[in-house]
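2 protein chains.
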Amino acid sequence: MSQVFKALSDPTRRRVLQLLQKGPMSAGALCDHFEFSKPTMSAHFAVLKEADLVHAEKTGKSVIYHLKLSVLEEALLGFIHSFGGLAEAPEPPSKTEPEIVR
Amino acid sequence: MSQVFKALSDPTRRRVLQLLQKGPMSAGALCDHFEFSKPTMSAHFAVLKEADLVHAEKTGKSVIYHLKLSVLEEALLGFIHSFGGLAEAPEPPSKTEPEIVR
DNA sequence: CTCATAATTAGTCATTTAGCTAAATGTGGA
DNA sequence: TCCACATTTAGCTAAATGACTAATTATGAG
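Residue numbers (our numbering), protein chains in the order written: chain V, 1 to 102; chain C, 103 to 204.
So this is what it looks like as structure tokens:
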């Protein structure tokens with residue numbers, strides 16, 4: 001979970017995820033959306049891979065990155081859930097309910 | 103937003119937030135839940151303050167930290183929303199809701 | 001006023017991060 | 001085979017992070 005939040009803490013990486021949200025994209029195509037060098041972008045991709053937020057599919061000369069939406073969901077919604085659901089709490093927390101504080 | 107995610111990327115800080123979820127707590131009381139030195143914890147508090155996730159209220163010798171739940175909500179739900187709602191889009195926080203942000 | 005307590009600041013250190021250029025790797029096409 | 005393209009790795013630097021101890025500030029109690 002820490003790695004997911006760490007990955008999300010950089011605006012470039014958040015933007016990469018948003019681009020991938022529209023569909024899989026090659027490393028080069030992703031790079032075209034930014035002004036950083038390709039090695040710098042490659043390092044950002046590696047952080048996203050490390051957090052398991054993307055999947056890299058190698059096809060020919062290119063590497064196609066895919067967003068792993070379910071991992072993002074699980075991390076964010078899981079964290080939100082540990083806060084009693086935050087805004088969207090479907091059930092009002094009972095006062096006697098045991099609180100799991102990990 | 104980057105600062106919120108950065109703050110959340112450390113497990114100690116996430117745990118601090120969860121402790122504060124149960125109610126305001128002094129710096130010292132928070133420290134008692136961890137084995138780190140007080141200055142180290144103070145630095146973590148500073149990161150949370152910087153991200154605007156907590157409010158520090160000075161009362162006498164103590165400093166009482168309060169969770170700013172609405173900021174956490176806005177960052178997480180706002181980001182989730184930018185992803186088309188992910189799993190299930192919760193209601194966006196109403197602008198007219200009287201939110202007490204301390 | 002003086003002392004003890006609560007918390008932060010100052011200063012240090014090792015590690016990580018984010019950026020770069022240059023070099024290496026791998027793959028498809030001529 | 002050889003070349004060009006796509007991407008990553010290697011190696012570097014500057015800045016940020018997270019931890020510590022020691023020192024400082026601020027406040028309430030005696």
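Glycine is no exception: its CB is placed at the ideal position from the N, C-alpha and C atoms. The model shown is predicted, which means the values in this text are computed figures rather than measured ones.
Inside the stretch 142-170 of chain C only - alpha helix (DSSP H) runs reaching at least 4 residues: none
Taking 8 Å as the CB-CB cut-off, is V/F5 touching chain C? yes
Out of curiosity, what's the CA-to-CA distance linking V/L17 and V/F36? 16 Å
If you check the beta carbons only, do C/E159 and C/H168 fall under 8 Å apart? yes
Any chain C beta carbon closer than 8 Å to V/F36: no
Within 10 angstroms of the Cβ of C/K170, are there 16 or more other Cβ atoms? Answer buried if so, exposed if not. buried
Neighbouring residues, chain C, relative to V/L76 (Cβ below 8 Å): L178, F181, I182 and L188
I need the straight-line Cα distance from C/H135 to C/D112, nearest angstrom please. 15 Å
Test: C/L155 CB closer than 8 Å to a CB of chain V: no
Proximity winner among V/K38, V/P39 and V/A51, relative to V/R14 (alpha-carbon distances): V/A51
DSSP bridge partner residues for V/S26 (one or two, in chain order): V/I64
Kindly indicate if chain C contains any beta-carbon less than 8 Å away from that of V/L19. no
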